[in-house]
Amino acid sequence: MSGLIVLFERELKKWFGRRPVLFMSLVTPLIWIALFGKSFNLNALVNISAQSLIPPQLQGFIDPKVIEGMVKKALNKQLKSMFGTTDYFTFFASGMLVAFCIFQGAFGGVGVVFDKRLGYMRRILVTPVRRSYIFLAKLFGTLARISILSLLLLGTSIPLGFKFKPNLSIGDIIMPWVAVMLLSVFILSIYMVMAFYTDNQEVLFAASNLINLPLMFASNAIFPLKQMPGWLQTIAEYNPVTHAAYIVRYHLIGSPIPNYWESIIYLAASSTVLLAFSMYYSVRKMDMGV
Amino acid sequence: MPDNCAVEVMGLTKRFGDLVAVDKVSFCIPKGIVFSLLGPNGAGKTTTINMLSTLLKPTGGDAYIHGYSIIRDRGEVRQIIGLVPQDLTADDELTGWENVYIQAKLYGLPSGKAEEKTEEALRFMELWDHRKRRVSTYSGGMRRRLEIAMSLVNEPRVMFLDEPTLGLDVHSRRHLWGLIERLKEQGTTILLTTHYMEEAEYLADRIAIIDHGKIVVEDTPDGLKARIKGDRIYLRLGEEEAVSVVKALTEKGFNASLRNSDSIIVKVERSEEILPELISILQGRKLLEIRVVKPNLEEVFIELTGRGLRGEESFDSFKYRVMRRRMR
Ligand SMILES: Nc1ncnc2c1ncn2[C@@H]1O[C@H](COP(=O)(O)OP(=O)(O)OP(=O)(O)O)[C@@H](O)[C@H]1O
Ligand SMILES: [Mg+2]
Chain U
-19 MSGLIVLFER ELKKWFGRRP VLFMSLVTPL IWIALFGKSF NLNALVNISA QSLIPPQLQG
41 FIDPKVIEGM VKKALNKQLK SMFGTTDYFT FFASGMLVAF CIFQGAFGGV GVVFDKRLGY
101 MRRILVTPVR RSYIFLAKLF GTLARISILS LLLLGTSIPL GFKFKPNLSI GDIIMPWVAV
161 MLLSVFILSI YMVMAFYTDN QEVLFAASNL INLPLMFASN AIFPLKQMPG WLQTIAEYNP
221 VTHAAYIVRY HLIGSPIPNY WESIIYLAAS STVLLAFSMY YSVRKMDMGV
Chain X
30 MPDNCAVEVM GLTKRFGDLV AVDKVSFCIP KGIVFSLLGP NGAGKTTTIN MLSTLLKPTG
90 GDAYIHGYSI IRDRGEVRQI IGLVPQDLTA DDELTGWENV YIQAKLYGLP SGKAEEKTEE
150 ALRFMELWDH RKRRVSTYSG GMRRRLEIAM SLVNEPRVMF LDEPTLGLDV HSRRHLWGLI
210 ERLKEQGTTI LLTTHYMEEA EYLADRIAII DHGKIVVEDT PDGLKARIKG DRIYLRLGEE
270 EAVSVVKALT EKGFNASLRN SDSIIVKVER SEEILPELIS ILQGRKLLEI RVVKPNLEEV
330 FIELTGRGLR GEESFDSFKY RVMRRRMR
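Here it is as structure tokens:
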């Protein structure tokens, strides 16, 4: 166990030691949230002036305020049914929590490649430490990083206008974290297999270009499923990112979720299967010699 | 198996596809000595060490470290060995102390004991004063010493040092030799690979010369040097002259042969007595350089393998064939 702990500590030390990297990874979510979340301002749509909508022969008979109210109500209803909230910023920010672990997951894999390239992996492998600990230390290191960054992401989105659902309980904070962790395990497992397969970090960079954006866009992280064509909806429903986003939004902002337990089980199962395969493969690779 | 062997290697083989990197290598390293694998680039030294330290699975054969098989008892082997790899492996984002401490913990030592061993190792390698610095600020010599310190925390009974002084200047190299000697005095068995023959000559009790994955010869440094009787005289002449000089010398009963297009090697028993005669024969020739070499490991190596240990001494078979044709 102490081997696992010391390797885990190393991961964190390296992260905190890289000041520019630390700084950038803290600032990135801030910028994403502030720019993307606020640039897509749906609420502006709703703020119409009804004066021009009223035909001339009815001018004076109808109060523009009533029309405005009706239109607003209709649009809000439409928005609510699409996003689960009338506030796109809150929808986006909660989606970012999920999308962010897709990008962070890739970094965990790159760390393994560099440990192999720089010979550090060989250094650990000559000691009797359990091979699975080497894998798990990287996994936990990345999860810890994602936890800190997610918390920060959520923290910074509050002053920018994030609206929690009323009566937030402790569970409503813990369950989104669990969902984010499960999704991170899923993503990281993919990258760990690649990292133990190759000695070239370029493979991981290329793969992240290939995988990350499709994973993000073929899900409800940024846009709701309802406005997608049918085939894409089908794909998105099998995407663990979608289910993680469902759970996060259900708990944080009270969006409806098609089937709560189905989402939890699907997410947990797909992460577990991938994790088991990834760990088996990595340990085997380490055993065969790096 | 004789139980005085700290390391007993039996028919160890490693293939990479078609390439046989290590070819049925066998040797025994008696407890407490420094054993050196001496060979040129690509000879198979690192591959051998990687197999012995359980990093690489052999294609064939086996080896025993204090009786533990490197194939079947890998856990036990890892517990009693230390490896200093050829490349620098310390994490340069961490400090020297952190690097060594992590190693100690990986051997399962409890924190107090790990701290104690970390201090011991750093002091032994004379790095204690630099322990708080990031490794990225270390000099080459300090980094090499740190590599050894990292391998000392489990008090290994057998140490594998893969080219531990690669790239160091003469001063740092001698300093490191001294530390390696002290390690030996503490009773550690050391397997050292190198392609610096001075290093093998200085440190090793026994030397195995390895080439193309095979052990060519194994002996004590003196035993090896005794294999080449007498001195070597290297002559460098004008291109046109080399062939005819060989002819002239051979006619006078000298053991002379062409080395490459412009140089000749003459094997003699005692160069001191022969030189005057040799110079008189060379009168009127365009002699550019004359070099007398006393028996040393480099010469043994050239004798046994037909080429030098270093790149610049390497035997150029194409050139040689061209020369042979010209000589006929
Ligand atoms: N992973 C590998 N895959 C394929 N070939 C390899 C691999 N590792 C080593 N080789 C080959 O095996 C041979 C022996 O290599 P090795 O590194 O053991 O030599 P060495 O004696 O340590 O050389 P050097 O003095 O350059 O370190 C070389 O021809 C090398 O190219
Ligand atoms: Mg080598």
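Chains U and X are the protein sequences, given in the same order. First residue of the first sequence: -19, per our numbering; consecutive thereafter. First residue of the second sequence: 30, per our numbering; consecutive thereafter. Glycine is no exception: its CB is placed at the ideal position from the N, C-alpha and C atoms. As the structure is a computational prediction, the values presented were derived from the model and not from experiment.
Annotation: the continuous alpha helix (DSSP H) that includes residue 226 of chain U extends over 220 to 233.
For residue 107 of chain U, the residues of chain X that pass the 8 angstroms Cβ criterion are 107, 132, 135, 136, 183, in the order they occur in the chain. Going by DSSP, residue 112 of chain X is part of no alpha helix (DSSP H) but of the beta strand (DSSP E) stretching over 110 to 113. With 7 angstroms as the limit between CB and the heavy atoms of ligand 2, the residues that fall short of it are X/74, X/75, X/115, X/191, X/192, X/222.
DSSP lists X/243 as the beta-bridge partner residues of residue 240 of chain X.
Here the distance from the Cβ of residue 92 of chain X to the nearest heavy atom of ligand 1 is not below 8 angstroms. Residue 123 of chain U and residue 80 of chain U have their C-alpha atoms spaced approximately 12 angstroms apart. Taking a cut-off of 8 angstroms for Cβ pairs, the region 290 to 305 of chain X and the region 259 to 273 of chain X touch, as three or more such pairs fall below it. Under the 8 angstroms Cβ criterion, the region 197 to 216 of chain X counts as touching the region 163 to 178 of chain X, having at least three qualifying pairs. For residue 48 of chain X, the shortest separation between its Cβ and any heavy atom of ligand 1 lies below 8 angstroms. Distance from the C-beta of residue 89 of chain X to the nearest heavy atom of ligand 1 is not below 8 angstroms. In chain order, 1, 2, 121, 125 place their CB closer than 8 angstroms to the CB of residue -5 of chain U, counting only its own chain and leaving out the 5 sequence neighbours on each side. By the CB criterion at 9 angstroms, residue 190 of chain X and residue 146 of chain X fall outside the cutoff. Assigned with DSSP and collapsed to three states, residue 63 of chain X falls in strand. Distance between residue 147 of chain U and residue 231 of chain U, taken at the CA atoms: about 10 angstroms. Residues of chain X with a Cβ closer than 8 angstroms to the Cβ of residue 111 of chain U do not exist; the shortest Cβ-Cβ separation is about 11 angstroms. If you look at residue 223 of chain X, you'll find it in the beta strand (DSSP E) that goes 218 to 223.
The beta carbon of residue 161 of chain X sits no closer than 9 angstroms to any beta carbon of chain U. Nearest C-alpha to residue -8 of chain U among U/16, U/129, U/35, U/76: U/129. Within its own chain, the residues whose Cβ lies closer than 8 angstroms to the Cβ of residue 332 of chain X, once the five positions on either side in sequence are excluded, are 256, 257, listed in chain order. In this structure, the C-beta of residue 45 of chain X approaches ligand 1 to less than 8 angstroms from one of its heavy atoms. Only residues of its own chain outside the window of five on either side were considered, and among them 125, 126, 129, 157, 160, 178 have a CB closer than 8 angstroms to the CB of residue 151 of chain X, listed in chain order. With contacts defined by Cβ atoms closer than 9 angstroms, residue 201 of chain U and residue 78 of chain U form a contacting pair.
The continuous alpha helix (DSSP H) containing residue 175 of chain X extends over residues 169 to 179. Neighbours of residue 104 of chain U in chain X, taken as residues whose beta carbon is under 8 angstroms from its own, are 135 in chain order. In the structure shown, residue 300 of chain X falls within a helical segment according to DSSP collapsed to helix, strand and coil. By the Cβ-count criterion, residue 209 of chain X is buried, with 16 or more other Cβ atoms from all chains shown falling within 10 Å of its own Cβ. Between residue 102 of chain U and residue 219 of chain U, the alpha-carbon positions lie close to 36 angstroms from each other.
When the Cα atoms are used, residue 13 of chain U and residue 225 of chain U turn out to be separated by approximately 16 angstroms. Look at residue 97 of chain X here: in three-state DSSP terms it is strand.
Among the CB atoms of chain U, one or more fall inside 9 angstroms of the CB of residue 86 of chain X. Using beta-carbon distances, residue 154 of chain X does not count as an interface residue toward chain U, since no partner is under 9 angstroms. For residue 116 of chain X, the C-beta contacts it makes with chain U under 9 angstroms involve 98, 99, 102, in order along the chain. Shown here, residue 43 of chain X sits in a strand according to DSSP, grouped into three states. Secondary structure of residue 124 of chain X (DSSP, three-state): strand.
Relative to residue 248 of chain U, the option among U/69, U/216, U/162 whose CA is nearest is U/162.
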